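Here the structure is laid out as structure tokens; the discussion comes afterwards.
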Amino acid sequence: MPQLFPPEIIENSVECYHAKISTSSKDIYGLLLLMILFVFASLPLIYVDISSQSRGIIRSPYENTTIQSAIFGEVVSYRMLENKTVI
5 MPQLFPPEII ENSVECYHAK ISTSSKDIYG LLLLMILFVF ASLPLIYVDI SSQSRGIIRS
65 PYENTTIQSA IFGEVVSYRM LENKTVI
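Residue 5 is where the sequence shown starts when you use the working numbering, and the numbers rise one by one after that.
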């Protein structure tokens, strides 16, 4: 039966290249691929604290702060919360 491709083409084909690759290099490639997949699969499970720095004064919520108005009057009701602007 005549040969379909010349030997030069067969030697430079993908099938010939895969046959020349050793099993140890395939094992290293498989291990590397498995590690990369493991890293991507574990990303939703990793928790990282994010902190930011800014200048300011730290006060305890139990510290009394006096509020004085410029005009004398009686306070009937107030709607104040922590870290909100007072109008």
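C-beta: ideal position from N, C-alpha, C; glycine also. Just so we're clear, the structure is a prediction, and the values are computed from it rather than from any experiment.
Q) What separation, rounded to the nearest whole angstrom, lies between the Cα atoms of L49 and V43? A) The C-alpha of L49 lies about 10 Å from the C-alpha of V43.
Q | Proximal residues to P65 (C-beta, below 8 Å), its chain only, five neighbours per side dropped | A | The answer, listed in chain order, is E86.
Q.
Given this structure, state the Cα-to-Cα distance separating Y82 from N68, to the nearest angstrom.
A. Taken atom to atom, the span from the alpha-carbon of Y82 to that of N68 is near 16 Å.
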